[in-house]
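S.K.: Terminal number for the sequence shown in my numbering: 311, no gaps in between.
Take this structure first; my questions come after.
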Amino acid sequence: MKKLVKLFCVAFVAMLLSSCDENVSKVKDVVNQFVEGVNSKDKVTIFEMYPNIRNFTNLQLPDTIKIDGMKVEFDEKDSVYLARINDKQTLVCIIDSAGITISDSYNVLKLDSTCYDLAAKTGFPVKQMSDMTVGQMFSDEGEFASYLQLMYPSAANGNLSANGGYYRWGRDNTGWYMRFDTTVSNYGENPVKGADYFVEISYFRRDTGSPLSTKNVEQGVDLAPGESYVYTTNKPELWQYNPNNGSVGSGVDVSASIKFKNTSKAVMLNKYGSFTGKEYEEFVALQKEKEKAETEKPEANDSIKAEVVE
2 MKKLVKLFCV AFVAMLLSSC DENVSKVKDV VNQFVEGVNS KDKVTIFEMY
52 PNIRNFTNLQ LPDTIKIDGM KVEFDEKDSV YLARINDKQT LVCIIDSAGI
102 TISDSYNVLK LDSTCYDLAA KTGFPVKQMS DMTVGQMFSD EGEFASYLQL
152 MYPSAANGNL SANGGYYRWG RDNTGWYMRF DTTVSNYGEN PVKGADYFVE
202 ISYFRRDTGS PLSTKNVEQG VDLAPGESYV YTTNKPELWQ YNPNNGSVGS
252 GVDVSASIKF KNTSKAVMLN KYGSFTGKEY EEFVALQKEK EKAETEKPEA
302 NDSIKAEVVE
């Protein structure tokens, strides 16, 4: 009986090794196809082998990839195959019902120049993270880009501010109107091109805060550091809300916001921000504090029990 069990174990191990070897061979085939696709600029093959690349516009394909002594290992912790294609680059492969695909990589994809500059300025360790992690961190929805925007809100807005709170009234040959002045100022150290942004001016009833249907969208103007520009708009349709003479008399509040055209958070931060180089270090520390607070947070049942004891 013992001999039979031993033979069964040996056969089982042999079967596992055989399966593993078979998978390694298949992974190598996929990696070779991907590398050939990159070197021949065959995007159909590239995206088929590595579909996650489509998720990030801030990651770019290398011009060429060279395979030098490829080694494939199975990572039991994450249940993935690691294909080390040379001493600097690694592809992460998964096997599922759909077959074998590349899910991530290390030092294979290139972060675009803007994000790479921003990473250097903020102490972000690009080479120590996977390509997908880096792409996600610097995307508009990414944790690190969002953290930088929170820490440097002025830079994320081009160091411009808009004040739309002043109005008066007047009359012309068409009748009475309310006139609004909106001031846009550049508080930064860099000039801002008017073609890069526009100003959106919105109006609200003062008594209820409800938005009024009228809205103005004004083209930006070139602003040197320290320079301001005043947009003046006449709004006869809002005369009824004039608190002194209008029929409604509720008054009007004005909100002005600056919108930059076709720019990501990373572009704005890199262009208009000034950094210490310790931002990533501080970001990691904050993440650890949040994790600690979550683990130390008492459960609802515990707080109920404590109240009962008291």
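Quick reminder that beta carbons are idealized off the backbone N, C-alpha and C, glycines included.
Using a 10 Å radius around the Cβ and a threshold of 16 neighbouring Cβ atoms, would you call Val285 buried or exposed?
M.R.: By the Cβ-count criterion, Val285 is exposed, with fewer than 16 other Cβ atoms from all chains shown falling within 10 Å of its own Cβ.
S.K.: Between the Cα of Asn245 and those of Val25, Ala146, Tyr168, spot the shortest distance and give me the residue it belongs to.
M.R.: Tyr168
S.K.: Is it true that the CB of Val32 sits closer than 9 angstroms to the CB of Met71?
M.R.: yes
S.K.: Please report the straight-line C-alpha distance between Gln314 and Arg55, rounded to a whole angstrom.
M.R.: This structure does not reach residue 314, given that the chain is present from 2 up to 311, and the question cannot be answered.
S.K.: If you count every other CB in all the chains shown that lies within 10 Å of the CB of Leu60, and 16 or more means buried, which is it?
M.R.: buried
S.K.: In or out: Phe139 buried (at least 16 other Cβ within 10 Å) or exposed?
M.R.: Within a 10 Å sphere around the beta-carbon of Phe139 sit 16 or more other beta-carbons, which makes this residue buried.
S.K.: Which residues bound the beta strand (DSSP E) around Asp132?
M.R.: No beta strand (DSSP E) holds Asp132; the alpha helix (DSSP H) holding it covers 132-138.
S.K.: Look at Tyr204 and Thr215 and say whether their C-beta atoms are less than 9 angstroms apart.
M.R.: yes
S.K.: If you check the beta carbons only, do Glu280 and Tyr148 fall under 9 angstroms apart?
M.R.: yes
S.K.: So, are the CB atoms of Ser186 and Ser162 less than 9 angstroms apart?
M.R.: Yes.
S.K.: With DSSP as the reference, label Gly165 as helix, strand or coil.
M.R.: strand
S.K.: Name the DSSP bridge partner or partners of Lys111?
M.R.: Paired residues: Gln61.
S.K.: Check whether the segment 90-100 touches the segment 175-194, taking contact to mean three or more Cβ pairs, one atom from each stretch, closer than 8 angstroms.
M.R.: no
S.K.: State yes or no: is the C-beta of Ser114 within less than 9 angstroms of the C-beta of Ser131?
M.R.: no
S.K.: Near Lys194, what residues of its chain come up, given a Cβ to Cβ distance below 8 angstroms and the 5 sequence neighbours on each side ignored?
M.R.: Gly221, Asp223
S.K.: Going by DSSP in three states, Asp254 sits in which element: helix, strand or coil?
M.R.: strand
S.K.: DSSP three-state call for Met71: helix, strand or coil?
M.R.: coil
S.K.: Give every residue of the same chain whose Cβ lies closer than 6 angstroms to the Cβ of Gln137, excluding the five residues on either side of it in the sequence, and list them in chain order.
M.R.: Gly143
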